[in-house]
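Chains as they are written, first to last, in our numbering: chain A, 138 to 571; chain B, 15 to 157. Step one of this worksheet: look at the structure below.
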C-alpha cells in the first residue's frame with residue numbers, strides 16, 4: 138500500500154467512481170452546451186443533446202474534438218465561463234502550427250495542482266522533501282504544474298525553471314534537493330554533467346518525476362542508475378490541464394489516470410470506434426471537472442493502451458501505458474510509422490546513451506532516415522572493424538524494430554545539442570521535396 | 015615490450031583532425047608515430063606520444079573519446095623485405111594482425127613498426143623465437 142494525497146478518490150471502488158464520473162460528465166456536457174456556442178453547434182450537428190448524456194455509458198454519443206478545433210476556436214471560442222472568472226492562461230509550444238491557449242479558473246488551477254500533488258506523493262514526496270522543479274516556467278505547463286503540486290504537498294519548492302545547468306547542480310547540492318522534476322532528456326543531461334564533474338556523491342536526490350516527452354524504459358533505467366533515484370513518469374497535456382492527468386506509482390507499470398477529473402478512452406484512430414481495455418489505440422480525454430476550458434472527447438493523438446488491473450499501490454485508478462509517442466512525434470518514413478522512442482530503445486540496448494538525433498530527408502523521391510548517435514568511451518575501439526561491426530549491429534536491429542532501413546552515423550561526443558526543455562530529436566528536411 | 019597507444023574518435027569533417035593534433039601540440043606533447051583509419055563518417059586516429067598519461071588526460075579533458083591500449087613496437091632494418099619477414103613470422107604462427115603502421119627513425123638505418131595483435135605476450139614470444147626483439151618504451155618515446 139502506498140501513500141496517497143487524496144486517498145478516497147485514488148482508491149475508491151469502481152461503482153462509486155462510475156457514479157461520480159457520470160454525475161460530473163452530465164453536468165459538464167450541460168455546462169459546455171449552454172455556454173460554448175462551438176460545442177452547441179457541434180453537438181447539434183451530430184444530433185446529440187445534453188439530456189442524451191446521463192452517464193459515462195453515453196460518452197460515446199458525443200462527437201470528438203481535435204487540435205484543429207482548438208486552433209479554429211482560438212483564442213476564446215471554447216471558453217465556457219466569463220473571462221473575468223479566469224485567473225490563468227497556459228499555452229502549448231505551438232511548434233506544429235498556431236498555438237493553443239487554455240484558460241483556468243481558480244478552481245481549475247487548484248484541481249490541476251492537486252493532480253500534480255498526487256503524482257508527487259506517489260513518488261514518495263512529503264512535506265519534508267525539497268522539490269527541484271527544472272521544467273520551464275511560463276506558458277509551458279511543466280513548471281507551474283509541478284510547482285503548484287509541490288505547494289499542495291507542503292514540500293519546499295525550488296522553482297529553478299530550465300537552463301543554467303551549473304546553477305541547477307549547485308542548488309541541488311547546496312539545498313539538498315530530493316525530488317527532481319523535469320523532462321527526461323534534461324534529467325539525462327543533468328545526470329551526465331553530475332557524473333562528469335564528479336558530484337554524484339554530493340547529491341541527495343531520491344526520486345524524479347519526468348514527463349512532457351516520450352522516453353523509453355531503457356532511458357529510465359539509465360537515469361535511475363546515473364542519479365541513484367527512482368524515476369516516475371508523469372503525463373499531461375496543456376489542453377486538458379497540464380502534467381498530472383496521469384502519474385506513476387512505485388510499481389512503475391503505467392500511469393494512473395486521475396479519472397475523477399479526466400475520463401480516458403482508447404479509440405481506433407481511423408474509425409473512431411471505442412476499443413476495449415487492453416487494446417492499443419489513440420487516447421481520448423474528457424475533462425469533467427474543469428470549468429473554464431472543458432474538453433469533451435479530445436483526441437490527444439497519443440497512441441497507448443489502458444489497463445484496469447489491480448495495482449499493488451492500492452490505487453483503483455485506471456492505468457495508461459507510456460505512450461509510444463505523440464502522433465505529432467510519429468514520423469512516416471516510406472509509409473512506415475516510426476516513433477523516436479523505438480529508435481532510442483535500440484540505441485540504449487546496443488550500449489549507447491540517449492544522445493541522438495534523427496535526420497529525415499528525401500532523396501530521389503524516396504525517404505531516408507539517418508540516426509546520428511554520439512560515440513562514448515565505452516563503445517569506442519581502436520579497431521575500425523569493431524566499430525563497423527557496431528554500426529552494422531545497430532542498423533540491423535533498427536531494421537528489425539522499424540521495418541525500414543536506417544543509416545547510422547557515429548558522431549563526436551557533445552556534438553548533438555543538449556536540450557534544457559523538450560529535446561529536439563528529429564530534423565525533417567523533407568518539406569516540399571518530391 | 016608493449017607501449018601505450020592512444021586512439022581518438024575523430025569525425026570525418028574538415029578541421030576535426032587538426033583540432034586534435036593542435037590540442038596535443040598546445041599541451042607540449044610530442045608525437046612519435048601516427049596513423050589514421052577512416053570510414054566515410056569518422057576516423058580512428060592512433061598516436062604514440064612521449065607522455066601517454068598526460069596526453070590521455072589532455073584529450074579527455076578536451077572532450078574527446080579516447081582509448082588507451084598496448085601495442086608492440088618492433089625495430090626492423092630499413093631494407094626491402096624486412097617488414098614482410100616480420101609479418102610472415104607472425105602469420106606462420108597463427109597470430110593475426112589487426113593493423114600495422116610504420117615510421118622511420120631519423121639518423122639511424124632503422125624503421126619501427128607498430129603492431130596491433132590481440133595477444134601481445136604470444137606475439138612477443140613468437141618474435142623472440144625468430145630472433146626479432148620488441149623495442150622498449152624508452153627507445154620509442156626518446157626517438
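Just so it is clear, CB atoms sit at the ideal spot from N, CA and C, and this is done for glycine as well.
Item: Reduced DSSP secondary structure (H/G/I, E/B, other) of residue 243 of chain A; Value: helix
Item: Simplified DSSP assignment, three categories, for residue 494 of chain A; Value: strand
Item: Rounded Cβ spacing between residue 112 of chain B and residue 16 of chain B (contact assumed at less than 8 Å); Value: Actually they are not in contact, since the Cβ atoms of residue 112 of chain B and residue 16 of chain B sit about 14 Å apart, beyond 8 Å.
Item: DSSP state of residue 252 of chain A mapped onto helix, strand, coil; Value: helix
Item: Check: residue 37 of chain B C-beta below 7 Å from any heavy atom of the ligand SAH; Value: As presented, the structure is devoid of all ligands, the ligand SAH included, so that no description of it is given.
Item: Three CB pairs or more closer than 8 Å across the region 447-455 of chain A and the region 390-399 of chain A; Value: yes
Item: Contact set between residue 518 of chain A and chain B, taken where Cβ atoms lie within less than 7 Å; Value: 81
Item: Contacts that residue 525 of chain A makes with chain B (C-beta to C-beta distance below 9 Å); Value: 53
Item: Strand pairing of residue 501 of chain A, partner residues [DSSP]; Value: Residue 501 of chain A is not bridged to any residue.
Item: Per-residue contacts from residue 546 of chain A into chain B (C-beta, under 7 Å); Value: 55
Item: Contacts of residue 491 of chain A in chain B (Cβ-Cβ under 8 Å); Value: The contacting residues do not exist; residue 491 of chain A stays about 17 Å from chain B at best.
Item: Runs of beta strand (DSSP E) lying entirely within the region 419-486 of chain A, each at least 3 residues, in chain order; Value: 435-441, 468-470 and 473-475
Item: Pair within 8 Å by beta-carbon distance, residue 428 of chain A and residue 218 of chain A; Value: yes
Item: C-beta neighbour in chain D for residue 514 of chain A, strict 8 Å; Value: Here the protein chains are A and B, and chain D is not one of them.
Item: Buried/exposed call for residue 482 of chain A, threshold 16 Cβ in 10 Å; Value: buried
Item: Per DSSP, the bridge partner or partners of residue 48 of chain B; Value: B:61
Item: Proximal residues of chain A, C-beta to C-beta of residue 60 of chain B below 7 Å; Value: 519
Item: Pair within 8 Å by beta-carbon distance, residue 154 of chain B and residue 131 of chain B; Value: no
Item: Interface positions of the region 19-31 of chain B facing chain A (Cβ-Cβ less than 8 Å), listed along the chain; Value: 19, 21, 23, 24, 25 and 30
Item: Where residue 309 of chain A falls: helix, strand or coil (DSSP); Value: helix
Item: Close-in-space but distant-in-sequence residues of the same chain around residue 290 of chain A (CB under 8 Å, 5 per side omitted); Value: 142, 254, 257, 258, 262, 263, 264, 266 and 268
Item: Beta carbon proximity, residue 549 of chain A to chain B, threshold 8 Å; Value: yes
Item: Inter-residue spacing [alpha-carbon to alpha-carbon] between residue 473 of chain A and residue 540 of chain A; Value: 8 Å
Item: Nearest-angstrom Cα separation, counted from residue 124 of chain B out to residue 45 of chain B; Value: 18 Å
Item: Short CB-CB distance (under 8 Å) between residue 84 of chain B and chain A; Value: no
Item: Any C-beta of chain A under 8 Å from that of residue 112 of chain B; Value: yes
Item: Residue 99 of chain B versus residue 69 of chain B: straight-line alpha-carbon distance, rounded; Value: 33 Å
Item: Sequence-distant residues of its chain with Cβ nearer than 8 Å to residue 314 of chain A (five each side left out); Value: 267, 268, 269, 295, 308, 340, 341 and 342
Item: CB contact check: residue 150 of chain B to chain A, cutoff 8 Å; Value: no
Item: Proximal residues to residue 405 of chain A (C-beta, below 7 Å), its chain only, five neighbours per side dropped; Value: 412 and 418
Item: Host alpha helix (DSSP H) of residue 158 of chain A (start-end); Value: 151-172
Item: Residues that DSSP places opposite residue 294 of chain A in a beta bridge; Value: A:268
Item: C-beta contact flag for residue 322 of chain A and residue 556 of chain A at 8 Å; Value: yes
Item: First through last residue of the alpha helix (DSSP H) which encompasses residue 326 of chain A; Value: 321-333
Item: Residue-level contact to chain A via CB, residue 39 of chain B, 8 Å cutoff; Value: no
Item: Reference residue 151 of chain A; option with closest CA among A:337, A:237, A:455 and A:279; Value: A:455
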